[in-house]
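Counting in the numbering used here, the sequence shown runs from 13 upward without gaps.
C-beta atoms are modelled at their ideal positions from N, C-alpha and C, and glycine is treated no differently.
Treat the numbers as computed from the prediction; the structure is a model and nothing was measured.
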Amino acid sequence: MSSNAHNTHTGETCRLELGSKSYELPVITGTQQEKAIDITSLRAKSGYITLDSGYGNTGSTQSEVTYIDGENGVLKYRGIPVEVLAEKSDFVETSYLLVYGKLPTADELSAFRKQLTYHSLIHEDMLSFYDGYPPQAHPMAILSSMVCSLSTYYPDSLDPNDEEQVKRIVPRLLSKLRTIAAYSFKKSIGQPVIYPKNDLSFCENFLYMMFAVPSESYEVDPEWVKTLNMLFILHGDHEQNCSTSTVRLVGSSDANLFASISAGICALWGPKHGGANQAVIEMLERIHKDGGNVDAVIRRAKDRRDPFRLSGFGHRVYKNFDPRAKVIKSACDRILGTLGVHDPLLDIAKRIEELALSDTYFLERKLYPNVDFYSGILYRVMGIPTEMFTVMFALGRLPGWIAHWLEMKRRGEQIGRPRQIYQGGVDVPYVPLAER
Ligand code: ACO
């Protein structure tokens, strides 16, 4: 295959030679000069498909939501660096930016905040659903089921091709996911659910629903509100990752937004994806309990015969520091310092990072701490239980999922349907049962 730039503007093409035939394929250039060979017409013209297990080289769409430069550790939402948003914005404003494509004016922001407040309750009948789960039910399973169940209560929001219905479902879901998550925590510890309060901000309300009890008054700590805003912003979007691609694939069949997001929550649950934040803390706790032998853990992670992997390390796209991990690590130092909290797990995490980043195994494979490596330490100090960590990730990621779902709809994309190369048996005879 040879790539040659000719013509101007969109004219770059790629020539693919297959036997005696040659095919000219257009090259697409992004606003940050990323390049893609457009193979949309390849199969129709040549009979060939491309094979890319894990999609490491496959672009599924052209998007305006998020830009990542994995080699240089850059992450921007709608063109704005995530570090800037983490410092200057709050989660509601960043959600608006992701979902609607621009920073809101003061009026737009205030209307959006009002909508999120207005939609914060869930149908009272849904409370009884929580009673049906066993006490040890993982909150990600509950979250996904409850979100899908919303589709049974809001039939006026389900048509993905009706603009008015889509307008309604977006703030509805953004607001209710937070309530569903907090209620699931309350149910898991046997406390009554705490209804949201309309005079509290988005993140304040979440912490209030999580930690208040009806028998006494509860003041939400502003430091935790700030920290939660920052963590949610950092989780806000990450372009075509596993859960976002799931949301898009499910949505591409014209499934409603509740169903699409419910599927995305399941995809996020896996320990290779969002479930890694829970796995990190469990790993750090194990190391601490076993006497803190970090060298042994590094040795295990490097042993290719051992399936153990260092949770919170490595990333499909980042081959450099994950910019989100940098922000969270410095927030950990600052907040734990201010609170005077000494967390031995933070010491272990830093020691792992130090050893890994001076070890050729990790350097050669470009394995750096990812967003999940330090986030759990903050959630822990905040009082969030370990099983809820991935739920926290889902709350932060929701605006990103919605942004991509909306973008896909607006672009009128086709149903997602990858192909395959069949490698199974050919003309296999049916052998009657008695002769097998
Ligand atoms: N610890 C030890 N070795 C690792 C790790 C790790 N955490 N991650 C990758 N490697 C090694 C692999 O064994 C492989 O080694 P090899 O070349 O000798 O076979 C090499 O690095 C490349 O790894 P791949 O699995 O091919 O990389 P991929 O891009 O497919 O995987 C992933 C990325 C899934 C994130 C992986 O790094 C991993 O499992 N990390 C731990 C789980 C984790 O933290 N996930 C959260 C990711 S961030 C997010 O989703 C929010």
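- Endpoints, the beta strand (DSSP E) within which Glu449 is located: Absent from the model: residue 449. The displayed extent of the chain is 13 to 448, so no value can be given.
- For Thr117, does the three-state DSSP call read helix, strand or coil? coil
- Would you tell me roughly how many angstroms separate the C-alpha atoms of Asp315 and Thr372, rounded to the nearest one? 13 angstroms
- Less than 7 angstroms between the CB of Val383 and some heavy atom of ligand 1, yes or no? yes
- Between the C-alpha atoms of Arg190 and Leu246, what's the straight-line distance to the nearest angstrom? 17 angstroms
- Message: I'd like to know whether the C-beta atoms of Tyr380 and Asp318 end up nearer to each other than 8 angstroms.
- Response: no
- Message: Let's test the definition: count the other Cβ atoms within 10 Å of the Cβ of Thr256 and tell me whether it reaches 16, buried, or not, exposed.
- Response: buried
- If you run the structure through DSSP and keep just helix, strand and coil, what is Pro430? coil
- Roughly how many whole angstroms lie between the Cα atoms of His18 and Leu54? Since pLDDT at His18 reaches only 33, below the 50 mark, its modelled position is unreliable, and the value read off the structure follows with that caveat. If you take the alpha carbons of His18 and Leu54, they lie about 20 angstroms apart.
- By DSSP, does Val403 sit in helix, in strand, or in coil? helix
- Query: Just to check, is the beta-carbon of Pro397 closer than 7 angstroms to a non-hydrogen atom of ligand 1?
  - Reply: no
- Just to check, is the beta-carbon of Phe244 closer than 7 angstroms to a non-hydrogen atom of ligand 1? no
- Does the distance from the C-beta atom of Asn289 to that of Asp384 stay below 8 angstroms? yes
- Message: So, with DSSP's three-state summary, where would you put Asp81?
- Response: strand
- Between Tyr142 and Asn217, what straight-line distance do the alpha-carbon atoms span, to the nearest angstrom? 20 angstroms
- How would you call Asn69, buried or exposed, if buried means at least 16 neighbouring beta carbons within 10 angstroms? exposed
- Message: Are there any heavy atoms of ligand 1 lying less than 7 angstroms away from the beta-carbon of Pro38, as far as the coordinates show?
- Response: no
- Item | Among Glu36, Ala271, Arg260, Glu399, nearest to Val292 - alpha-carbon criterion | Glu399
- Query: Roughly how many whole angstroms lie between the Cα atoms of Val438 and Thr73?
  - Reply: 35 angstroms
- Measure the alpha-carbon distance for Asp137 versus Val443 and round it to whole angstroms. 54 angstroms
- Message: Taking a contact to mean a Cβ-Cβ separation below 8 angstroms, would you say Ala275 touches Cys254 in this structure?
- Response: no
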